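J.:
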Amino acid sequence: MTTAARNQIQFGVFFQGVNSTTIWTEPESGSQTAFESFRRVAQTAERGLFAAFFLGEGLRLREHLGRLHDLDVVGRPDAQTQLAALAAVTERIGLVATQNTTYNDPVDLAHRLQSLDLLSGGRAAWNVVTTDNAWTGANFRRGGYLDHADRYVHAERVVETVRAVWDSWDDEALDGAGRAGHPDRTPDTAHVRTVERDLGHYAVRAEGRLPRSAQGHPVLFQAGDSDEGRDFAARQADVVFSAHPEFEDAVRFAADVRRRTVAAGRPGDDVQIFPGQQFVLAETDAEAEEKARWVAEHQITPATAIAYLENVWGTSLQAYDPDGPLPDIDPVVEVTGSTRGTAFQFQRSQELVAQWRARAEAEGLSIRQLVTEVGVRRGGIVGGYTSVADRLARYADAGAVHGFNVSPWLVPSGLDDIVDRLVPLLQDRGVYPTEYRGTTLREHLGLREPLTRRRVA
Ligand SMILES: Cc1cc2nc3c(=O)[nH]c(=O)nc-3n(C[C@H](O)[C@H](O)[C@H](O)COP(=O)(O)O)c2cc1C
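Residue numbers (the numbering used here): 8 to 464.
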C-alpha cells in the first residue's frame, strides 16, 4: 500500500476544566479560567494542525448526592464567549461549543452559533447534547427536566428549528441591492423566509438575522450514547463525539454508526467519529507506563476515588478507607445522577458493582487502585512515540475513527509532546494531514455540504 492511499485521522482538543482528568497541582499547571491557558492550548493545537478546539458545557455547578460537589466547584467560562475570544488569536482551527437542547432556545442559539461561525470565518461547530442530570433544570425559567425519551424528541425539534433559521436566507438574498440600496449589505426580503415551528413545549416564529458563513452553517457534533442518541446522530450530525476510544470497541461502534446512518437515508460515511482520548507518551513504552502510573495517581486523589464510587453506589461512602477494600453494601440504584456528566456509564450500577468487586478481589485492588484502573486508565493510549504512532495508524487503516478528541492531562503544556513528537511520526506514516485543507472546519474535516442544502439541491 502506498502511504497516499491510507485513511487519515485528525485530532481535536477537549479542554475539560476541573475534573479528574486534568492535573492542576503541578508547578506548570495554569489556571482553568485564565484566557492565557486557552490561548496556549488552542495555538499549540493549531500548530499541530488540529481540526478543532472543543469545549464541553456544564450549565450549573455539579451536584453530588444532593450537595455542591466540593471536588469540582470551580467554574468554566461560557463556551461561546471563550471561543469568540479564541477566534481572534487563531486562524484555522475549528471552534466547537457544546450546547444543550433542553435549556437553550433554538432561535437565540441559532443566532449565537451563526455569529461565532461568521466572526471566525466559518470555523464554528455545535456539539448537541441533551444533558443527563436533573439538577441543571433548576437553573432555568421553565425549571425541571425532560424524560430521556422526550429529551431526544425535543432535541430533534430544536436542531431542525436551528437549521431552519440558518437556512432562512436564500443564497440570492444578498445578490442585489436591497431597498436601502446597499448591495451585499441589506437582504432582499423576498429571499428571507419566516420559520414557524411548534416544538411541543413551546412554539417559535422567527427569521434568521445573518447571512451564511463561509462553510454554510456551523458543523453539527453530537454526544450521547444511547440508541436514541445514536439514531439522532445518524439523522442529524456531521460528527459524533463518542465514548468508544478502545480499538475493538471503536471498530464495533463505527459499524453501528454506519448502519444507523444508512438506515437514516444518508451515505454510510456521512457521520464522522471522534472518541475522547487521553495520551501518555514518552521515548519508550516502559517510560510511558511509569509516567501513566504517576498521572493516574495525581488524577485520582483519595477524596476523588470515594466520590467516584459514591456516584455509582448512589450513597455516602465517607466511612470507607480509600486504601481499603470496596464497600460491602449494595448500591442504591434509583440515583443515577452523576457529578461528572458521565451518568451514561453508571446506569447499570448493580452490574458495575458486581464486576468491580470481582476484579478488585481477583487483583487485590483497593478502592483507589480500582478507580485508577477503571476511571482513568481505561481507554487511555500509553506508549513510546513510535509504538503509539503505529497503533494510531491501525485505527486509521481500519476506519475505526476519523480522529480523537484529546483530553490533555496537563494544561497548558499537555499537547506539546503530541504536536512536537507524535504528529510528525503520523505524518511520516501518511495517516495525518500535513496542512489544513482549507479555511473552514467543514473543509478540514472533509465534510459534504450541510444536510439541508443537499436536500434543497
Ligand atoms: C462523550 C460525551 C460527552 C458529553 N459531554 C457533555 C457535556 O459537555 N455537557 C453535557 O451537558 N452533557 C454531555 N454529555 C451527556 C449527553 O448530553 C447525554 O445527556 C448523556 O450522554 C445521556 O444521553 P444518552 O443516554 O444518549 O447517552 C456527553 C456525553 C458523551 C457520550
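We put the beta carbon where it would ideally sit given N, CA and C, even for glycine.
In this text, all values refer to a predicted model and were calculated from it rather than measured experimentally.
Does at least one heavy atom of ligand 1 sit under 7 Å from the Cβ of H305?
T.: Here residue 305 refers to the residue found at position 298 when the sequence shown is read from its first residue. For ligand 1, not one heavy atom lies less than 7 Å from the Cβ of H305.
J.: Between the alpha carbons of T343 and E317, how many angstroms are there, rounded?
T.: Residue mapping note: residue 343 aligns to position 336 of the sequence shown, counting from 1. Residue mapping note: residue 317 aligns to position 310 of the sequence shown, counting from 1. Below a pLDDT of 50, predicted positions are generally treated as unreliable, and T343, at 47, falls in that range; the measurement from the model is reported next regardless. So the alpha carbons of these two residues sit roughly 11 Å apart.
J.: Determine the contact status of F61 and A162, defining contact as a CB-CB distance below 8 Å.
T.: Position 54 of the sequence shown, counted from the first residue, corresponds to residue 61. Position 155 of the sequence shown, counted from the first residue, corresponds to residue 162. The answer is no: Cβ separation not under 8 Å.
J.: Only counting runs of 4 or more residues, tell me where the alpha helix (DSSP H) segments fall wholly within the region 90-141, in order along the chain.
T.: 113-126, all fully within the region 90-141.
J.: Mind reading off the beta-carbon distance from D85 to R69? Whole number of angstroms is fine, and I expect it under 8 Å.
T.: Taking the first residue of the sequence shown as position 1, residue 85 is located at position 78. Taking the first residue of the sequence shown as position 1, residue 69 is located at position 62. D85 to R69, Cβ: 16 Å. No contact.
J.: Mapping the DSSP letters down to three states, classify G144 as helix, strand or coil.
T.: Position 137 of the sequence shown holds residue 144. Reduced to three states, the DSSP call for G144 is helix.
J.: Hey, out of R216, D174 and D234, whose CA is closest to E456's CA?
T.: Counted from its first residue, the sequence shown places residue 456 at position 449. Nearest option by C-alpha distance: D174.
J.: Might you give, ordered along the chain, the residues of its own chain that have their beta carbon closer than 7 Å to the beta carbon of S44, omitting 5 neighbours on each side?
T.: In the sequence shown, residue 44 corresponds to position 37, counting from 1. Closer than 7 Å at Cβ, skipping near neighbours: G37, S38, V418 and P419.
J.: For the region 329-337 and the region 425-445, state whether three or more C-beta atom pairs, one from each stretch, are separated by less than 8 Å.
T.: As far as the Cβ criterion goes, the region 329-337 does not touch the region 425-445, which means the pair count is below three.
J.: So, P282 versus V395, is the Cβ gap smaller than 8 Å?
T.: Taking the sequence shown and counting its residues from 1, one reaches residue 282 at position 275. Taking the sequence shown and counting its residues from 1, one reaches residue 395 at position 388. Cβ distance not < 8 Å, so P282 and V395 don't count as in contact.
J.: Suppose contacts are defined by Cβ-Cβ distances below 8 Å. Is H251 in contact with A244 by that definition?
T.: Residue mapping note: residue 251 aligns to position 244 of the sequence shown, counting from 1. Residue mapping note: residue 244 aligns to position 237 of the sequence shown, counting from 1. Their beta carbons are not under 8 Å apart, which means H251 does not touch A244 by this criterion.
J.: Give me the residue from D423, V247, Q306 and V378 with the minimum Cα distance to N134.
T.: Here residue 134 is taken as the residue at index 127 of the sequence shown, counted from 1. The shortest Cα separation from N134 among D423, V247, Q306 and V378 belongs to V247.
J.: With DSSP collapsed to three states, give me the class of V395.
T.: The residue given as residue 395 occupies position 388 in the sequence shown. Helix, per DSSP.
J.: Between F281 and chain D, is there a C-beta pair that is closer than 8 Å?
T.: Absent from the structure is chain D; it holds one protein chain and no more.
J.: Should N107 be counted as a contact of ligand 1 given a C-beta to heavy atom distance under 7 Å?
T.: Walking along the sequence shown from the start, residue 107 turns up at place 100. Yes, since a heavy atom of ligand 1 falls inside the 7 Å radius drawn around the Cβ of N107.
J.: Shortest alpha-carbon distance to Y110 belongs to which of H208, A361, Q229 and H305?
T.: Counted from its first residue, the sequence shown places residue 110 at position 103. That would be H208, whose Cα lies nearest to the Cα of Y110.
J.: Going by beta carbon distance, what residues of the same chain come within less than 7 Å of R364, once the five residues before and after it are set aside?
T.: Translated into positions along the sequence shown, residue 364 becomes position 357. Only L333 meet the Cβ criterion.
J.: Relative to ligand 1, is the shortest distance from any of its heavy atoms to the C-beta of T28 smaller than 7 Å?
T.: Numbered from 1 along the sequence shown, position 21 holds the residue referred to as residue 28. No, Cβ of T28 sits at least 7 Å from all heavy atoms of ligand 1.
J.: For N412, does the three-state DSSP call read helix, strand or coil?
T.: Working through the sequence shown from its first residue, we reach residue 412 at position 405. N412: strand per DSSP, three-state reduction.
J.: What does the Cβ neighbour count give for W416, buried or exposed, with the cut at 16 atoms within 10 Å?
T.: Here residue 416 corresponds to residue number 409 of the sequence shown, with the count starting at 1. Under this definition W416 is a buried residue.
J.: When you measure from the CB of A230 to every non-hydrogen atom of ligand 1, does any distance come out below 7 Å?
T.: Residue 230 sits at position 223 when you count from the first residue of the sequence shown. Yes, since a heavy atom of ligand 1 falls inside the 7 Å radius drawn around the Cβ of A230.
J.: Keeping to the same chain, check which residues put their C-beta closer than 6 Å to that of A171; ignore five residues upstream and five downstream.
T.: Translated into the one-based positions of the sequence shown, residue 171 becomes position 164. Around A171: V202.
J.: Check whether the Cβ of G236 sits closer than 7 Å to any heavy atom of ligand 1, and report yes or no.
T.: Here residue 236 refers to the residue found at position 229 of the sequence shown. Because some heavy atom of ligand 1 lies under 7 Å away, the Cβ of G236 counts as near it: yes.
J.: Along the chain, which unbroken stretches of the alpha helix (DSSP H) at least 4 residues long are found entirely within the region 179-250?
T.: 234-243, all fully within the region 179-250.
J.: Going straight from the alpha carbon of A221 to that of L448, what length do you get?
T.: Along the sequence shown, one-based indexing puts residue 221 at 214. Along the sequence shown, one-based indexing puts residue 448 at 441. Going by the C-alpha atoms only, they are around 10 Å apart.
J.: If we call anything under 8 Å between Cβ atoms a contact, is H295 one with V378?
T.: In the sequence shown, counting from the first residue as 1, residue 295 sits at position 288. In the sequence shown, counting from the first residue as 1, residue 378 sits at position 371. Before going on, a small fix: residue 295 reads as Ala here, not His. No, these two residues do not count as a Cβ contact at 8 Å.
J.: Quick check on the DSSP output: the beta strand (DSSP E) that includes L62 runs from which residue to which?
T.: Looking up residue 62 in the sequence shown gives position 55. Start and end: A59 to L62.
J.: Excluding the five sequence neighbours on either side, which residues of its own chain have a C-beta within less than 7 Å of the C-beta of F147, listed in chain order?
T.: The residue labelled residue 147 in the question sits at position 140 within the sequence shown. Cβ neighbours of F147 beyond the five flanking positions: Y110.
J.: With a CB to CB cut of under 6 Å and the five nearest residues on each side skipped, what residues in its chain are close to P225?
T.: Translated into the one-based positions of the sequence shown, residue 225 becomes position 218. Here the set comprises L120, D124, A131, A132 and W133.
J.: Alpha helix (DSSP H) containing P282: first to last residue?
T.: Taking the sequence shown and counting its residues from 1, one reaches residue 282 at position 275. Looking at the DSSP string, P282 is not in any alpha helix (DSSP H); the run it does join, the beta strand (DSSP E), is Q279 to Q284.
J.: Consult DSSP for W176 and reduce its assignment to one of helix, strand or coil.
T.: Taking the first residue of the sequence shown as 1, we reach residue 176 at position 169. If DSSP states are grouped into helix, strand and coil, W176 belongs with the strands.
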